[in-house]
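Numbering (our numbering), first residue to last: 2 to 293. Structure record follows, encoded as structure tokens.
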Ligand code: ZN
């Protein structure tokens, strides 16, 4: 999701650089790319050219390209461009949801239900992202019952999958284990994706905790792109190549070419014109030996 969650939180880059990044990612073996978000350009100027980016991507048939939308209007814009895999965010924290989309969590859940009907009507899929799942910068801890209640409502309303978002990097492995444990007893079968930011350095540790509970779908951004340049302390998603580097060595076959991904991470650095936080990009993979 570097092209979306990453670039949305960097200084704006040209359309052709976005297309270049998405097309390069599509050749690394990743199965899914969250390419753009259809938000109001006043809210997020970095995504003002989403329509054009979406039209110009060189489609790889092995990749599912998805888009994030904030509401029904964004979903309609996406469907008009033939987007069929759509994500929508609902914050478990009412305060965060109001700051984000200017309405209550309940109101956003109502809209998400209508959005699911709209997207299903044309054969698409919807992932509902429950954000602030491990804490809210305004409210602090968000009770697990609240987080699971929001997820339960989305599932009941037809969401094809659920994602839990650690929006501002407040998760720790212990908290991941507790929430996923409770989720699994409530919904043993639902497809779950986890979205961690590395704000406090716990990103990969959180992945490891979730892997041990059988979760195998994680968001990541190439190079660790993201981390709003205007918000001190903000940080991007876990870096895709750090995630691949770690789990491949644990015997997980991701199907992703790590060297190709590292090349894309270098491209991402060139595009945003700054050093990205990925440590595997700095040090190289563990299999790369020093010249003797
Ligand atoms: Zn995020």
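We treat Cβ as the ideally placed atom computed from N, Cα and C, and that holds for glycine. Small disclaimer: the values here were computed from a predicted structure and weren't measured.
Can you find a heavy atom of the ligand ZN that lies under 7 Å from the Cβ of residue i?
i, result
"residue 194", "no"
"residue 97", "no"
"residue 250", "no"
"residue 238", "yes"
"residue 168", "yes"
"residue 218", "no"
"residue 121", "no"
"residue 50", "no"
"residue 111", "no"
"residue 198", "yes"
"residue 142", "no"
"residue 6", "yes"
Going by Cα to Cα distance, which pick from the options is closest to residue i?
i, options, result
"residue 3", "82, 87, 265, 284", "265"
"residue 154", "260, 277, 200, 115", "115"
"residue 149", "175, 171, 186, 117", "186"
"residue 201", "174, 255, 291", "174"
"residue 295", "133, 272, 240", "In the structure as shown, the chain begins at 2 and stops at 293. Residue 295 is therefore absent and cannot be evaluated."
"residue 94", "83, 109, 204", "109"
"residue 86", "172, 39, 24, 48", "39"
"residue 14", "138, 226, 139", "226"
"residue 119", "36, 77, 138", "77"
What three-state label does DSSP hand residue i in the structure shown?
i, result
"residue 81", "helix"
"residue 222", "strand"
"residue 276", "coil"
"residue 134", "coil"
"residue 217", "coil"
How should residue i be labelled, buried or exposed, when 16 other C-beta atoms within 10 angstroms of its C-beta is the threshold for buried?
i, result
"residue 289", "exposed"
"residue 146", "exposed"
"residue 81", "exposed"
"residue 287", "exposed"
"residue 276", "exposed"
"residue 1", "An answer regarding residue 1 cannot be provided, because it is not within the stretch 2 to 293 covered by the chain."
"residue 42", "exposed"
"residue 71", "buried"
"residue 253", "exposed"
"residue 62", "exposed"
"residue 196", "buried"
"residue 47", "buried"
"residue 123", "exposed"
"residue 217", "exposed"
With a threshold of 8 Å between beta-carbons, can residue i be considered close to chain D, or not?
i, result
"residue 279", "In the structure shown, chain D does not exist; there is a single protein chain."
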